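J.:
Have a look at this one:
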């Protein structure tokens, strides 16, 4: 390769690396900027991903149409103008809607806001991968006949950005500086693309016999409509699975860029590997692993995993996603067409990605009441893998026996789960998977057996026998269940895998009107309300951020005002339905529910209006980050009486939420106490009545804390002096991950 050729190739590769890095830095950056308006729900990321995939599709369509109509050299002139227009939309910025009613239907508002705020710059950058490869394919360069390898260079930049954001950028740089640096990078990209255009104009066109405008060489597979739709389907499956895994992990841990990144990184790395010049792992290896992945992931739907097994399930989902991506993206790479169809190929790949994302983020929440899109995707995957991948040689008898065994195995999962114990079912999953995998490989069982297994398990999963499920419903903000306990005594509201409230309906013990679970009078919140009674002769108004089952309403005294701030209309409907919970109906005070993000809505209330603010807003198991910053504490402080209290529910399986709150309190000259409460058998005759909980209380002075200040159960809040203050501009989830378990 001549030095000049190396320079040309290097410039194009570097430009693609810059553009892809910018694309995959701006996605978590923008989602983090917009999250506070929508309560930190994981759906913000999934909807944003669909938006970015749709713009990517638009960019690929632009690249395909303009190069076809104008040719590469004239199109380059047009593209530089389009690129320059993007400067008018920088730096990126967003603001909350003027009217809270705009968030009653959050998806249209979010898509519209993203389109205005970042649409044009992202669209322009998204064209780089197909466009620069198309430009490169027309110059006189020895590698121009197969520019697909530049796609690997592009995705290397994507992977670098995805790793850099949570570990290098987010922990060290605030959002305002991030947007400024991204603007600078955009200017650098404009210059780099202009250099690529100059190389294009000055380079000699490829010889006619090598031009991409010629017909594909003899013997090449024709590009039929069947082949085109196959590309779309193969791109659809990894995209949908990537968002399915993202929803799982961000619902159960926290909606934060650190956890958005791994699924997307796996997705992008697979492109790097399958389009690379060198094949590191043979494609047939992914085909061989595919049946095992289907069996393991499908089996997990029949097991109610406890907290102890979430790590195991997370690893299984990540591994499954990696194998899916390598298999289906590998099929795409092996079937890539002649460069004449390069932009069309990327356009159809992008279309599949958009359809996959749209299915998960837009269609499924409207159609399914529970998370059925994931098992249905596994069924589609089984049917989408080419028949040759299964190496079918089995007789009809072998096929029938294998299918029957798979169906019976699914039934045994159900029996073990209901009649014996979930732990035994998990052991059965592990013991069953390996021999089944061996059987699938040795007997060449057809796709019918796997499909039958997935269908049976999906039906069992969707029915959820063994639990008395009173209600299940999904919204933009998550999937909610109301479950009656096995003994019929209590109702529980669950979001994801996390209990958000409980009430006893059997009033034999007089517990129906008593707050249960995290909100019990036997726990820390009971102590806070006792102190409130000692401080105020007349019960003051109370604000509660996060409704759940409405358990805090049980503390209200006659005439006392209690304002609940709840972002999800579905939760409001559940709490107001007396067949599910009666806390609000039985409230002795004046209880009202105000819809919208708690922080934004409480900002609109009267200053010094509350004697107590209870922060109990959760997205599954984690408090949205924007409710933990020093600006949030300032807002709460403005709304409290001088001797008022802020009580924050900080129970969490994976994160220690105390440090950012304690550090923020210190910054504002406030005092804090923390109590970690483990129920004792003496608390109640019903063990489910009181749950483990951890609460933090903040006040202006020690005197305002009253007896809590000297209560040994309430320890002073402590934080490392090196812990960096959390602000709306800066928050680092890495700094509060709890590794103790």
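Residue numbers (our numbering): -11 to 729. Even glycine gets a Cβ: it sits at the ideal position worked out from N, Cα and C. Bear in mind that the values here come from a model prediction, so they are computed numbers and not experimental data.
#1: Is residue 51 closer than 8 Å to residue 122 when the C-beta atoms are compared?
#2: According to the Cβ coordinates, are residue 95 and residue 464 closer than 8 Å?
#3: Could you spell out where the beta strand (DSSP E) holding residue 598 opens and where it closes?
#4: In its own chain, which residues sit with a C-beta less than 6 Å from the C-beta of residue 118, not counting the 5 before and 5 after it?
#5: Going straight from the alpha carbon of residue 470 to that of residue 504, what length do you get?
#6: Give me the DSSP bridge partner(s) of residue 663.
#7: Where does residue 214 land, buried or exposed, given buried means 16+ other C-beta within 10 angstroms?
#8: Considering only the beta carbon of each residue, do residue 442 and residue 367 sit closer than 8 Å?
#9: Pair every Cβ in the stretch 520 to 531 with every Cβ in the stretch 543 to 551, then say whether three or more of these pairs are closer than 8 Å.
#10: Give a single yes or no on whether residue 712 has its beta carbon closer than 7 Å to a heavy atom of the ligand HEM.
#11: When the Cβ atoms of the stretch 162 to 169 are set against those of the stretch 224 to 237, are three or more pairs found closer than 8 Å?
#12: If I'm right that residue 150 touches residue 256 with Cβ under 8 Å, what's the distance once you round it to whole angstroms?
#13: As a quick exercise: from 624, 697, 272, pick the residue whose alpha carbon is nearest that of residue 661.
#14: Does residue 312 pass the burial test, meaning 16 or more other C-beta atoms within 10 Å, or should it be called exposed?
#15: Does residue 57 pass the burial test, meaning 16 or more other C-beta atoms within 10 Å, or should it be called exposed?
#16: Quick check on the DSSP output: what are the complete beta strand (DSSP E) runs of length 3 or more inside the stretch 541 to 623, in order along the chain?
#17: Taking C-beta to C-beta, are residue 461 and residue 581 nearer than 8 Å?
#18: When you compare the stretch 598 to 607 with the stretch 624 to 643, are there three or more beta-carbon pairs, one atom per stretch, that lie closer than 8 Å?
#19: Within 10 angstroms of the Cβ of residue 53, are there 16 or more other Cβ atoms? Answer buried if so, exposed if not.
#20: Cβ of residue 262 within 8 Å of Cβ of residue 321?
#21: With a cut-off of 8 Å, do at least 3 Cβ pairs link the stretch 0 to 11 to the stretch 105 to 116?
#22: From what residue to what residue does the alpha helix (DSSP H) around residue 50 run?
#23: Which residues mark the beginning and the end of the alpha helix (DSSP H) in which residue 514 is found?
#24: Within a Cβ cutoff of 7 Å, which residues of the same chain sit near residue 544, ignoring the five residues on either side of it in sequence?
#25: What number of angstroms, rounded off, separates the C-alpha of residue 250 from the C-alpha of residue 507?
#26: Measuring CB to CB, does residue 233 end up less than 8 Å from residue 305?
#27: Which one or two residues does DSSP pair with residue 634 in a beta bridge?
#28: Check the C-beta distance from residue 180 over to residue 2 and give it rounded, since I have them as a contact under 8 Å.
#29: Residues in the same chain with beta-carbon distance under 6 Å from residue 719, minus the five sequence neighbours each way, listed in chain order, please.
#30: Can you say whether residue 222 is buried or exposed, counting buried as having 16 or more other CB atoms within 10 angstroms of its CB?
#31: Would residue 162 pass as a contact of residue 717 if the rule is Cβ separation under 8 Å?
#32: Could you check how far apart the C-beta atoms of residue 468 and residue 492 are, in whole angstroms? I think they sit under 8 Å.
#33: In angstroms, rounded to a whole number, what distance separates the CA positions of residue 273 and residue 171?
#34: Tell me where the beta strand (DSSP E) around residue 657 begins and ends.
#35: Cutting at 6 Å between CB atoms, please list the residues of its own chain near residue 13, excluding the five before and the five after it.
#36: Around the C-beta of residue 16, are 16 or more other C-beta atoms found within 10 angstroms, so that it is buried, or is it exposed?
T.: Considering the structure as presented:
#1: Contact annotation: residue 122 and residue 51 have beta-carbon atoms nearer than 8 Å.
#2: The beta carbons of residue 95 and residue 464 sit closer together than 8 Å.
#3: From DSSP, the beta strand (DSSP E) with residue 598 extends over 598 to 603.
#4: If we look at residue 118 and ignore the five residues flanking it on each side, its Cβ neighbours are 48, 51, 331, 334.
#5: Near 15 Å, if we compare the C-alpha coordinates of residue 504 and residue 470.
#6: Residue 663 pairs with 683.
#7: Exposed: under 16 other Cβ atoms inside 10 Å.
#8: Their beta carbons are under 8 Å apart, which means residue 442 touches residue 367 by this criterion.
#9: Three or more Cβ pairs closer than 8 Å define a contact, and the stretch 520 to 531 meets that threshold against the stretch 543 to 551.
#10: Among the components modelled here there is no ligand, and therefore nothing to report on the ligand HEM.
#11: Contact fails: fewer than three Cβ-Cβ distances are below 8 Å.
#12: Going by Cβ atoms, the distance from residue 150 to residue 256 rounds to 7 Å, so yes, they are a contact pair.
#13: The option with the nearest alpha carbon to residue 661 is 697.
#14: Note on residue 312: 16 or more other CB atoms within 10 angstroms of its CB, so buried under the neighbour-count rule.
#15: Residue 57 is exposed by the Cβ-count criterion.
#16: Here the runs fully enclosed are 549 to 554, 578 to 583, 598 to 603.
#17: For the 8 Å CB-CB criterion, residue 461 and residue 581 do not form a contact.
#18: At 8 Å Cβ cutoff, the stretches touch.
#19: Classification for residue 53: exposed.
#20: Cβ atoms of residue 262 and residue 321: closer than 8 Å.
#21: With the cut-off at 8 Å, the stretch 0 to 11 and the stretch 105 to 116 touch.
#22: 31 to 73 is the span of the alpha helix (DSSP H), which, as asked, contains residue 50.
#23: Counting along the chain, the unbroken alpha helix (DSSP H) around residue 514 starts and ends at 512 to 523.
#24: Once the five neighbours on either side are set aside, the close Cβ partners of residue 544 are 550, 575, 576, 577, 579.
#25: Rounded to whole angstroms, residue 250 to residue 507 spans 35 Å at the Cα level.
#26: Yes. Within cutoff.
#27: 601, 686.
#28: By a beta-carbon distance limit of 8 Å, residue 180 contacts residue 2. Their separation comes to about 7 Å.
#29: The residues are 613.
#30: It counts as buried.
#31: The answer is yes: Cβ separation under 8 Å.
#32: With a Cβ gap of about 20 Å, residue 468 and residue 492 do not count as contacting.
#33: Between the alpha carbons of residue 273 and residue 171 lies a distance of about 43 Å.
#34: Looking at the DSSP string, residue 657 is not in any beta strand (DSSP E), and its letter there is neither H nor E.
#35: For residue 13, the CB contacts under 6 Å within the same chain, skipping 5 residues up- and downstream, are 149, 153 in chain order.
#36: Taking all protein chains in view, the Cβ of residue 16 is crowded by 16 or more other Cβ atoms within 10 Å, so the residue is classified as buried.
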